[in-house]
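Residues in the sequence shown are numbered consecutively from 114, following our numbering.
Idealized CB from N, CA, C, for every residue including glycine.
Note that this is a predicted model, so its numbers are computed, not measured.
Working notes for the structure below.
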Amino acid sequence: MTEKLLHDLLAVRAARAGLPAPRVATLGIEDATAVVDGVDRHTATVHLTPNAVLVGPWGGPPTGGACGHCLSIRWQRLRPVPTRDALETGPGFQSAGEWPLPTRHLADAVWAVYAGTFTTTPTDGPARVTSVDVRTLIASTFPVLPEGRCPRCSVERAPDRAAADPRLRSRTKPGPDTYRLRRPSEYHLPVAALANPVSGAIGAESVLNLASTTTAPVLGMWRNRARHGLADMNWSGQTNNFARSREVGLLEGLERDAGSLPRQNVAPVIGSHRQLAGEALDPRDCGVYSDEAYASSDRLEPFDPDRAIPWVWGWSLRDRRPILVPRRIAYYSTGTDTDRFVDECSNGCASGGSVEEAILYGLLELIERDAFLLGWYGAAELTEIDVAGTATPAARAMLDRARFLGYHVRLFDNRIDLPVPAVTAVAERLDGGPGLLGFAAGASLDPDTAIEGALEEICSYVPSLPVSHRRRQAELEAMAGDFSLVRTLRDHAELFTVPAMREHARRYLEPARRLPKEAVYARRRPASTDLLDDVRYLCDAVTAAGHDVIVVDQTSPEQRMVGLHNVCMIVPGLIPIDFGWSLQRALHLPRMFTAQHRGGLRPAALTPADLHRVPHPFP
Numbered sequence: 114m115t116e117k118l119l120h121d122l123l124a125v126r127a128a129r130a131g132l133p134a135p136r137v138a139t140l141g142i143e144d145a146t147a148v149v150d151g152v153d154r155h156t157a158t159v160h161l162t163p164n165a166v167l168v169g170p171w172g173g174p175p176t177g178g179a180c181g182h183c184l185s186i187r188w189q190r191l192r193p194v195p196t197r198d199a200l201e202t203g204p205g206f207q208s209a210g211e212w213p214l215p216t217r218h219l220a221d222a223v224w225a226v227y228a229g230t231f232t233t234t235p236t237d238g239p240a241r242v243t244s245v246d247v248r249t250l251i252a253s254t255f256p257v258l259p260e261g262r263c264p265r266c267s268v269e270r271a272p273d274r275a276a277a278d279p280r281l282r283s284r285t286k287p288g289p290d291t292y293r294l295r296r297p298s299e300y301h302l303p304v305a306a307l308a309n310p311v312s313g314a315i316g317a318e319s320v321l322n323l324a325s326t327t328t329a330p331v332l333g334m335w336r337n338r339a340r341h342g343l344a345d346m347n348w349s350g351q352t353n354n355f356a357r358s359r360e361v362g363l364l365e366g367l368e369r370d371a372g373s374l375p376r377q378n379v380a381p382v383i384g385s386h387r388q389l390a391g392e393a394l395d396p397r398d399c400g401v402y403s404d405e406a407y408a409s410s411d412r413l414e415p416f417d418p419d420r421a422i423p424w425v426w427g428w429s430l431r432d433r434r435p436i437l438v439p440r441r442i443a444y445y446s447t448g449t450d451t452d453r454f455v456d457e458c459s460n461g462c463a464s465g466g467s468v469e470e471a472i473l474y475g476l477l478e479l480i481e482r483d484a485f486l487l488g489w490y491g492a493a494e495l496t497e498i499d500v501a502g503t504a505t506p507a508a509r510a511m512l513d514r515a516r517f518l519g520y521h522v523r524l525f526d527n528r529i530d531l532p533v534p535a536v537t538a539v540a541e542r543l544d545g546g547p548g549l550l551g552f553a554a555g556a557s558l559d560p561d562t563a564i565e566g567a568l569e570e571i572c573s574y575v576p577s578l579p580v581s582h583r584r585r586q587a588e589l590e591a592m593a594g595d596f597s598l599v600r601t602l603r604d605h606a607e608l609f610t611v612p613a614m615r616e617h618a619r620r621y622l623e624p625a626r627r628l629p630k631e632a633v634y635a636r637r638r639p640a641s642t643d644l645l646d647d648v649r650y651l652c653d654a655v656t657a658a659g660h661d662v663i664v665v666d667q668t669s670p671e672q673r674m675v676g677l678h679n680v681c682m683i684v685p686g687l688i689p690i691d692f693g694w695s696l697q698r699a700l701h702l703p704r705m706f707t708a709q710h711r712g713g714l715r716p717a718a719l720t721p722a723d724l725h726r727v728p729h730p731f732p
């Protein structure tokens with residue numbers, strides 16, 4: 114009734130003005146992520162919602178811009194959890210009575226906006242949508258990007274093995290120790306289109322954390338429909354400048370959006386590992402859980418080589434050939450009833466201004482976490498890095514800020530057997546009180562960059578460590594006495610805010626040796642101004658350790674629009690990061706037992722009895 118009446122009121126005005134009659138659709142009563150018979154969202158130009166009337170998309174490019182269905186999907190993704198669950202998985206909504214009739218003054222306001230859109234010249238920028246508040250009549254305009262998962266605009270493509278080849282080439286870097294080809298500000302991100310309350314691609318807003326005393330964080334979030342329901346997708350930028358933090362955070366948000374679910378609308382290959390033998394990665398090479406973990410879980414089950422599952426094409430940089438990868442490994446929020454053998458995370462997903470840059474940073478992340486877990490579970494005696502007098506100005510400032518808050522930060526050389534600077538930062542509360550410990554890590558081909566990366570991360574956590582303990586004190590203290598209660602990413606990091614956990618981190622608080630930074634990194638690889646040299650160096654280091662290096666292109670339409678590339682790097686056999694004490698693949702992979710011996714840190718391989726069986730504190 115309301116939809117038809119509003120259409121009629123606007124159509125009369127449109128006829129008098131010689132303009133096309135608006136097409137009106139109602140949002141929030143049917144799932145916009147599906148094509149619903151009889152609902153033409155694609156051409157809709159006016160959209161009814163409970164709190165506002167949306168006019169658009171309007172303006173934008175003559176072709177290829179957002180359609181009405183794109184807008185409806187983006188609007189729905191920003192709705193509260195109960196609303197989305199009802200629309201997307203539940204029985205939907207039932208009417209509690211007639212909707213209020215639109216008032217004439219509301220129709221007048223909507224008409225004024227609608228008529229005004231026809232005086233706008235199309236541009237190369239994104240289309241826009243104007244929201245008219247039904248109570249106040251305040252009009253607010255936001256950009257809206259095309260939605261790659263729109264069932265009207267995007268046609269599913271067949272899988273293409275040839276497209277998996279990244280076709281690497283030389284890229285001149287700004288400097289020998291610079292690995293980003295462009296600064297975040299140079300991507301000209303459509304900031305307003307990425308975070309706004311009506312059509313934000315990765316959230317309703319970006320929030321400045323003005324309470325932080327160590328960094329200038331900017332935060333945001335949205336929710337993805339993942340395999341276990343709606344999952345919070347958080348992003349943040351943690352630099353010393355709010356503007357730069359917003360740019361870095363939005364880049365991270367786009368990276369997580371691309372890595373969590375396929376955004377390229379390419380059909381998967383369906384088949385069993387046995388059927389695809391010779392073309393497919395065996396996911397067991399990436400690590401599996403213990404038999405007890407599978408037996409006690411109602412959502413996980415062992416990999417079955419005879420069961421058909423979805424696969425995507427990747428590219429082996431070692432073997433220079435296409436290879437099929439389980440979609441569940443390449444995109445960490447996907448999942449079906451047939452591929453419940455692992456809960457992956459964003460490990461190895463990275464973006465960059467070129468595919469070479471994305472590959473470099475994806476590999477560095479894998480190496481960073483592999484090193485951290487080898488050090489933690491392998492009880493490695495790491496060397497503390499003395500940066501006194503040699504720290505960069507940025508590093509000194511972060512160390513001083515942590516000290517001002519009552520924390521001493523130590524830095525450790527966490528290299529195990531790969532010749533890549535990997536640094537672990539540990540913050541300890543000086544008075545031994547609640548919020549005792551925080552951990553972070555960084556890796557780079559340049560030691561100073563690795564150190565600064567670890568410091569930026571640990572300094573962003575320091576102000577919240579006592580707060581985290583206070584909010585969950587009873588829960589965290591129970592975990593300290595029973596590790597089986599450690600189940601989430603948050604649990605792993607916050608467990609070590611409990612003072613009683615100090616004894617389990619003694620190696621990091623009472624290190625056996627401490628050396629100047631110059632001595633720790635006395636041997637460095639020859640500098641290069643070609644990013645491809647850096648990629649090859651990392652690939653050679655990893656393959657020399659006996660591992661393949663696989664790249665899967667995840668680039669989303671939003672990233673491609675601004676010149677970004679996104680990849681998932683997969684190195685079977687490197688130690689993967691897991692969250693949940695019962696789900697630690699690290700404790701079963703061969704590399705956990707051999708890497709320290711290979712790197713010259715132990716005279717022989719470790720045995721199961723040598724492992725430090727305490728949940729890792731990686732945040």
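- Counted as a single uninterrupted DSSP element, the stretch harbouring residue 141 is not any beta strand (DSSP E), since DSSP gives it neither H nor E.
- For the set 304, 146, 656 and 522, the Cα lying nearest the Cα of residue 363 is the one of 304.
- In chain order, 269, 270, 271 and 272 place their CB closer than 8 Å to the CB of residue 380, counting only its own chain and leaving out the 5 sequence neighbours on each side.
- Comparing alpha-carbon positions, the option among 237, 549, 181 and 314 lying closest to residue 621 turns out to be 549.
- Contact holds between the segment 240-250 and the segment 171-182, because three or more Cβ pairs, one in each stretch, are under 8 Å apart.
- The straight-line gap separating the alpha-carbon atoms of residue 726 and residue 183 is approximately 49 Å.
- Here residue 613 is not near residue 575, since their CB atoms are 9 Å or more apart.
- For residue 167, the secondary structure class from DSSP, reduced to helix, strand or coil, is strand.
- Here residue 521 carries a strand assignment [DSSP, helix/strand/coil].
- Residue pairing for residue 246: DSSP places it in a beta bridge opposite 165.
- Across the structure, residue 432 and residue 393 are spaced so that their CA atoms are roughly 13 Å apart.
- Distance from the Cα of residue 732 is smallest, within the candidate group 414, 601 and 673, for 601.
- Cβ neighbours of residue 484 within its own chain (closer than 6 Å, five residues either side excluded): 527, 529 and 535.
- Per the DSSP secondary-structure output, residue 462 pairs in a beta bridge with 681.
- With a threshold of 16 other beta carbon atoms within 10 Å, residue 331 meets it and is buried.
- Between residue 505 and residue 289, the beta carbon gap of about 16 Å keeps them out of contact (Cβ cut-off 8 Å).
- Note: residue 204 is not bridge-paired with any residue in the DSSP secondary-structure output.
- If you draw a straight line from the Cα of residue 187 to the Cα of residue 445, it is about 21 Å long.
- Remark: C-beta atoms of residue 697 and residue 490 approach each other more closely than 9 Å.
- DSSP, read as helix, strand or coil, puts residue 707 in helix.
- Remark: C-beta atoms of residue 652 and residue 372 do not approach each other more closely than 9 Å.
- Taking C-beta separations shorter than 6 Å and ignoring five residues to either side along the sequence, the partners of residue 295 in its chain run 466, following chain order.
- Closest option to residue 255, judged by alpha-carbon separation, among 232, 316, 134 and 261: 316.
- Between residue 365 and residue 569, the alpha-carbon positions lie close to 15 Å from each other.
- Exclusion of the five residues before and after residue 375 leaves 444 as the residues of its chain whose Cβ lies within less than 6 Å of its Cβ.
- Of 369, 722 and 538, the smallest CA-CA separation from residue 678 is found for 369.
- Annotated three-state conformation of residue 437 is strand, per DSSP.
- DSSP places residue 550 inside the beta strand (DSSP E), whose first and last residues are 550-556.
- Between residue 123 and residue 159, the beta carbon gap of about 7 Å places them in contact (Cβ cut-off 8 Å).
- Taken atom to atom, the span from the alpha-carbon of residue 493 to that of residue 730 is near 15 Å.
- Taking every protein chain shown into account, the CB of residue 517 has fewer than 16 other CB atoms within 10 angstroms, so this residue is exposed.
- The alpha-carbon separation between residue 585 and residue 344 amounts to approximately 21 Å.
- Residue 265 places its beta carbon 9 Å or farther from that of residue 399.
- Sequence-distant partners of residue 421 (beyond 5 residues in either direction) whose C-beta falls short of 8 Å from its own C-beta, in its chain, are 383, 384, 385, 388 and 451.
- Non-local C-beta neighbours of residue 543 in its own chain, meaning closer than 7 Å and more than five positions away in sequence, comprise 519, 520 and 521, ordered along the chain.
- By the CB criterion at 9 Å, residue 335 and residue 140 fall outside the cutoff.
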